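Structure first, then comments.
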Amino acid sequence: MGDLQLAQDNILDGGDAVDWSGAGLPSFGNWPAPLQISAAIVANAPGPMLLLIGPQAILYANSAGVALIGSCADGPVLGRPIVDVLPRYAELFAVALVRAARGEGTSFRNHELRCVRDGVPGAAWFNLEFTPVLDANGLTLGVLCMASEVTHHVERARELAVARKQLELAVILADAGETETALAESRFQFDTLTESLPQIVWSSDAEGRHDYFSRRWTEFTGIEPHEITEDTWKELVHPEDWERVWHAWEGARRTGEPYDIDYRFLHHSGDYRWLRVMALPVRDGRGAIMRWCGTSTDVHDAYLLSEERQRLAYELERIANWDQLTGVLTRRAFFERSEKIIVQLAREFGRVSVLMLDVDHFKQINDGYGHPAGDAVLSLTAKRMDGLLKGGDLLGRLGGEEFAVLLPGTAPDVAMAVADRIRSAIEVEPFAIDGGVRISVTLSIGVASGVACEGDLERLLSIADKALYQAKSGGRNRSALVEA
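Under our numbering, the first residue of the sequence shown is numbered 1, with each subsequent residue one higher.
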């Protein structure tokens, strides 16, 4: 709770000027828990991140997000519908919001935004990741949007395309030395071309022995041309990348295919930086390789952006799929994964069972011990249940104190045995809560079992819910079976 409270403080500091009630929202402390958790993630994200709240997609953003949106829009940013803030991109957000309402995420790659930076209008490119924020019942409360700028990457990709064409030209020039005059002319053109490129330009003989590096080499490595030996470049490749680099280089030399690889190379600062290295063969009139011409382009910043995007995407995926309180599958993730398993079982005419589990008298636990104790009971219950299931079984939280279990390939008697084993394990040992309190818990469980049919999950859950009602009507702390 300490990290979340800190994030709440940060959010209030950043949004205290916003009249959330004017946007149809309560004060931050009264937002639903999934929105508070999402807002905490937004507040602590290192890059631009947005939270679009409710059907109107009311905008909250961290400071980096406010700066980004502010560079693309006029007027206030926070507390307004996103389509009012950025009408130019209404269609893009409409697509993301419609999919989010269905519980689906959306990605836009290399999307151009028109921004004003330092007073100068221009274009910037971003990868945009939209992830729905769901409540315990799978209803969409909002949408998280992570914006990762890839302007450098897009521009570098264009530079690489230009460099490849220039490299092909360099190969043509290197291949043009049929006479002494032609050789001098082509050498002059080659030097003029290579020294004007932002990349390191290099060449080697047919055996792979390097014999030329442009001045960019010294700028990058700090090593003068006269200090270079054949082993120099090998010593500068990151040790973890060397085997991969060597195999790729040897393979290109052996087959004559273009050489194209990314690896880390020692910079004069002492740090390793990622390079994109490409080379093409120069052939004689008979088609034999005479030498290789190559370029090495610094793509390190693009790699760092990609790694940060992947880390945040993983965090968003975790939030979407795993219940933050109990650590089991969210309702949406449980449905998605269960449906896929049932489809496969249906093709094989296999059996499937579903359990619906409810914590008995949970309201009394909340009222008697407080909501933090109730949260602890749910978390500990889920953990104990999960430890009793097999690897292929699924456990999800459907909402509140209600859980569901999918048991693939399980007959009714086996499903009942699993239900009774879970129920007994929960009942036999009270849960120890902070402060020395021990709380006894029991479960009522409804079981549905039958032959798998595609699209059958809703029906099985409905039958299991009826069985759960029977278990509760029979006095609770028991299991009941209804065959599908």
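Idealized CB from N, CA, C, for every residue including glycine. The structure displayed is predicted, hence computed values, not measured ones.
For the candidate residues the options, whose alpha-carbon lies nearest to that of residue i?
| i | options | result |
| --- | --- | --- |
| Asp434 | Ala376, Ser444, Ser473 | Ala376 |
| Ala471 | Met356, Thr381, Ile426, Leu406 | Met356 |
| Ser509 | Leu78, Lys340, Val343, Ser107 | Residue numbering for the chain in the displayed model covers 1 to 484; residue 509 lies beyond these limits and cannot be assessed. |
| Ser148 | Gly138, Phe130, Leu134 | Phe130 |
| Thr232 | Lys383, Phe265, Arg216 | Phe265 |
| Val352 | Thr410, Ser71, Val414, Gln344 | Thr410 |
| Thr221 | Trp242, Val245, Thr297, Gly287 | Thr297 |
| Arg209 | Arg283, Ile200, Cys293, Ser269 | Cys293 |
| Arg254 | Glu308, Ile228, Glu207, Val237 | Glu207 |
| Val328 | Ala252, Ser379, Arg88 | Ser379 |
| Pro34 | Pro46, Leu52, Gly47 | Leu52 |
| Ile261 | Met49, Ala252, Ser269, His267 | Ala252 |
| Cys145 | Ser449, Pro121, Glu224, Ala43 | Ala43 |
| Ala373 | Ile319, Leu388, Ala432, Glu308 | Ala432 |
| Asp271 | Met278, Val277, Ala279, His300 | His300 |
| Thr151 | Pro225, Arg109, Ser338, Thr326 | Arg109 |
| Tyr89 | Ala100, Arg102, Arg114, Glu104 | Arg114 |
| Leu141 | Leu25, Lys363, Thr106, His371 | Leu25 |
| Ile319 | Glu348, Leu134, Arg337, Leu406 | Leu134 |
Near residue i, what residues of its chain come up, given a Cβ to Cβ distance below 7 Å and the 5 sequence neighbours on each side ignored?
| i | result |
| --- | --- |
| Ala94 | none |
| Ser479 | Met416, Ala419, Asp420, Arg423, Ile445, Val447, Ala471 |
| Val237 | Val245, Tyr263, Phe265 |
| Glu483 | Pro412, Ser449, Gly450 |
Heavy atom of the ligand ATP less than 7 Å from the Cβ of residue i, yes or no?
| i | result |
| --- | --- |
| Leu406 | Questions concerning the ligand ATP fall outside what the structure shown contains, since it holds no ligand whatsoever. |
CB-CB under 6 Å to residue i, same chain, minus the five flanking residues each way: which ones, in chain order?
| i | result |
| --- | --- |
| Asp323 | Thr330, Arg397 |
| Glu112 | Ala123, Trp125 |
| Pro281 | Gly256, Ile289, Trp292 |
| Asp284 | Met290 |
| Gly350 | Gly409, Ala452 |
| Leu312 | Met146 |
| Ala73 | Val85, Leu86 |
| Gln56 | Pro81 |
Around the C-beta of residue i, are 16 or more other C-beta atoms found within 10 angstroms, so that it is buried, or is it exposed?
| i | result |
| --- | --- |
| Val360 | Inspection of the sequence shows that residue 360 is occupied by Asp rather than by Val. So Asp360 counts as buried. |
| His153 | buried |
| Leu457 | buried |
| Met385 | buried |
| Pro132 | buried |
| Asp16 | The pLDDT assigned to Asp16 is 48, lower than 50, so where the model puts this residue is not dependable, and the model offers no usable value. |
| Glu401 | buried |
| Asp358 | buried |
| Gly287 | exposed |
| Val83 | buried |
| Asn127 | buried |
| Ala302 | buried |
| Leu461 | buried |
| Thr179 | For Thr179, the predicted model reports a pLDDT of 39, less than 50, meaning its position is unreliable; a value from the coordinates is still stated below. By the 10 Å Cβ count, Thr179 comes out exposed. |
| Gln364 | exposed |
| Ser107 | exposed |
| Thr229 | exposed |
Going along the chain, which residues of its own chain have a beta-carbon closer than 8 Å to the beta-carbon of residue i, five neighbours each way excluded?
| i | result |
| --- | --- |
| Asn137 | Arg331, Leu398, Gly399 |
| Glu315 | Ile41 |
| Gly474 | Ala480 |
| Leu388 | Val418, Arg421, Ile422, Ala425 |
| Pro225 | Phe213, Trp217, Thr218 |
Taking the straight line between their C-alpha atoms, what separation do you get for residue i and residue j?
| i | j | result |
| --- | --- | --- |
| Thr381 | Asn366 | 15 Å |
| Ala404 | Tyr60 | 34 Å |
| Ala248 | Ser306 | 23 Å |
| Ala333 | Asn321 | 5 Å |
| Gly392 | Lys340 | 12 Å |
| Ala39 | Ile439 | 32 Å |
| Gly436 | Ala425 | 21 Å |
| Thr310 | Leu275 | In the sequence on display, residue 310 carries Gln and not Thr. So the two alpha carbons sit approximately 20 Å from each other. |
| Lys383 | Pro239 | 42 Å |
| Arg346 | Glu454 | Before going on, a small fix: residue 346 reads as Ala here, not Arg. One C-alpha to the other measures close to 6 Å. |
| Asp205 | Thr218 | 21 Å |
| Val201 | Arg215 | 8 Å |
| Tyr259 | Ile223 | 24 Å |
| Gly368 | Leu468 | 25 Å |
| Phe335 | Leu394 | 10 Å |
| His371 | Val98 | 34 Å |
| Asp211 | Glu104 | 54 Å |
| Ile37 | Ser203 | 54 Å |
| Gly47 | Ile69 | 12 Å |
| Val143 | Pro76 | 20 Å |
Under 8 Å, Cβ to Cβ, is there at least one residue of chain B near residue i?
| i | result |
| --- | --- |
| Ala252 | Absent from the structure is chain B; it holds one protein chain and no more. |
| said: Extract the residue ranges of the beta strand (DSSP E) inside the region 58-110, only unbroken runs of 3 or more that lie entirely within it. | reply: 58-61
| request: Only counting runs of 3 or more residues, tell me where the beta strand (DSSP E) segments fall wholly within the region 292-370, in order along the chain. | output: 351-359
| query | Unbroken beta strand (DSSP E) runs of length 3 or more, entirely within the region 394-456: which are they? | reply | 394-399, 402-408, 431-433, 437-439, 443-451
| request: Write down every uninterrupted run of the alpha helix (DSSP H) in the region 211-259 whose length is 4 residues or greater and which is fully enclosed by it, in chain order. | output: 215-221, 232-236, 242-255
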